[in-house]
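Below: one structure, written as C-alpha cells.
Residue numbers (my numbering): 400 to 737.
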C-alpha cells in the first residue's frame, strides 16, 4: 500500500517506517524538521531511510493547510500513519502554543486530507498521558480519560475526540494508539534514557524525579513500531455491541478504535537506572527530586484489546532494550562504555 507517515524523521516514525518498508509498503515520510531537539539526529535518521527502496521524504509542516491539501490531492494515499506531533510533557508547560499548532491544527489537516481523498484507514499516535489523574491500574481504554494533567495530554485527548467525529460524520476508519514510555535506539535527547546514559558516561549527576518512586511501563520502540504497522493493516470496524446507554470509550457504533500499546510490565525507575548502570559498567550520581508538575507516579497498560484484535503483545524486556540503546548511543556519539 501507499502510506503517508507523518513525523517521518522522528524517533518512533523512523522505526515504524523501517517496519512498513520491510512489509513491502511504499512510504512517504513527512516532517517539518523543527528545532525542538538536535536536527542533525533527525537528518541522520532520514539518511538511513533514504537508502531504503520505497521511501520518499517531504518536508512540510502539518499545520500548513494549503501544503497538506496539495500533498493529499497529489499522492492519493491509501492509508495514513499520523505520528507527527510536538512531543514532550514538561516542555508543554513552557510553550503550550506549539502543542496546539502541531497537535490540534496539524491533526485537523490530516483528518481533512483523509476525508477528502478516500483514505481507507487513519492510525494516529496518542499517549498514556491522557489517563492523567486516573490511578486505577492497569490503565484501560474502556475507562474515561478526561482528566489530563498537561497541555500535551489534552491535545492528544482532543485528537481522539476529533478522530471519533470524523469516523462518525464521514465514515473514516480511525485507530488511536496510546503509547507507554517508549525507549530505544535513535531516541530523543530529551528522554530519560538518553539523559541518564549521557550524564553517567560524562560523570555528571542524573535527576531522579519523584525520589525514584516512579513505575513506568517502559516499551521498546521496535515493539511500538510492530504494533503500529499491524494496526495500520487492521482497519477499524464499528462495534456491533456498542451501547449508547453505557458508552465504551474504546469503541463506537462507527469505525473507531482506541488501543494501548505498552509492555504491560511496570518497572521501578531505580531498577531501570540499575540496568543502565550495568550496561555502562558505571554507577550514576543521583540527584533526587520531588514529583514534577504534570508527572504521574505510575503507568501500566492493559493491552488485552490489542492482543485480541491486532494479535500482538509487546514483550521486549528492559535488559534487552536498554542494552540495544546503549550500544547504539556509544557507537553514534563515540563513547566507550565500561
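We treat Cβ as the ideally placed atom computed from N, Cα and C, and that holds for glycine.
> Based on the DSSP secondary-structure assignment, which residues constitute the bridge partners of residue 567?
Replying inline: Beta bridge pairing from DSSP links residue 567 with no other residue.
> Using a Cβ-Cβ cut-off of 7 Å (strictly less than) and excluding sequence neighbours within five positions of residue 628, which residues of its own chain qualify?
Replying inline: 415, 418, 419 and 422
> With distances taken from CA atoms, which of 487, 572 and 654 is nearest residue 591?
Replying inline: Of 487, 572 and 654, the residue nearest in Cα terms is 487.
> Do residue 481 and residue 564 have their C-beta atoms closer together than 7 Å?
Replying inline: The criterion of a C-beta distance shorter than 7 Å is not satisfied by residue 481 and residue 564.
> Distance, Cα to Cα, residue 554 vs residue 532?
Replying inline: Roughly 16 Å separates the two Cα atoms.
> Is the Cβ-Cβ distance between residue 408 and residue 437 less than 7 Å?
Replying inline: no
> Closest Cβ-Cβ distance between residue 651 and chain B: below 7 Å?
Replying inline: Absence of chain B from the displayed structure is noted, only one protein chain being present.
> Which runs of the alpha helix (DSSP H) fall wholly inside the region 425-452 and span at least 4 residues, in chain order?
Replying inline: For the alpha helix (DSSP H) assignment, the uninterrupted runs of no fewer than 4 residues enclosed by the region 425-452 are, from N- to C-terminal side, 438-449.
> Who are the Cβ neighbours of residue 715 in its own chain at under 6 Å, not counting the five residues just before and after it?
Replying inline: 619 and 622
> The beta strand (DSSP E) with residue 368 in it runs from where to where?
Replying inline: The question about residue 368 has no answer here: the residues shown for the chain are numbered 400 through 737.
> Which residues in the same chain have their Cβ closer than 7 Å to the Cβ of residue 432, if we skip the five residues on either side of it in sequence?
Replying inline: 408, 438, 441 and 458
> Can you tell me whether DSSP reads residue 546 as helix, strand or coil?
Replying inline: coil
>> For residue 504, which residues in the same chain have their Cβ closer than 7 Å to its Cβ, ignoring the five residues on either side in sequence?
In response: 462
>> Quick check: the region 514-523 against the region 629-638, are at least 3 beta-carbon pairs closer than 8 Å?
In response: Cβ pair count under 8 Å is three or more, so yes.
> So, using beta-carbon positions, are residue 460 and residue 541 closer together than 7 Å?
Replying inline: no
> What are the boundary residues of the alpha helix (DSSP H) that includes residue 670?
Replying inline: 668-679
> DSSP three-state call for residue 519: helix, strand or coil?
Replying inline: coil
>> Taking only three categories from DSSP, how would you classify residue 538?
In response: Residue state for residue 538 is assigned as strand, using DSSP reduced to three classes.
>> Run through the DSSP bridge pairs and tell me what residue 466 is partnered with.
In response: Answer is none; residue 466 lacks a bridge partner.
>> Considering only DSSP beta bridges, list what residue 687 is partnered with.
In response: Partner residues in the beta bridge of residue 687, as assigned by DSSP, are 607.
>> On the CB-based measure, 16 or more other CB atoms within 10 Å of its CB, does residue 454 come out buried or exposed?
In response: buried
> How many Å lie between residue 494 and residue 700 at the Cα?
Replying inline: If you take the alpha carbons of residue 494 and residue 700, they lie about 28 Å apart.
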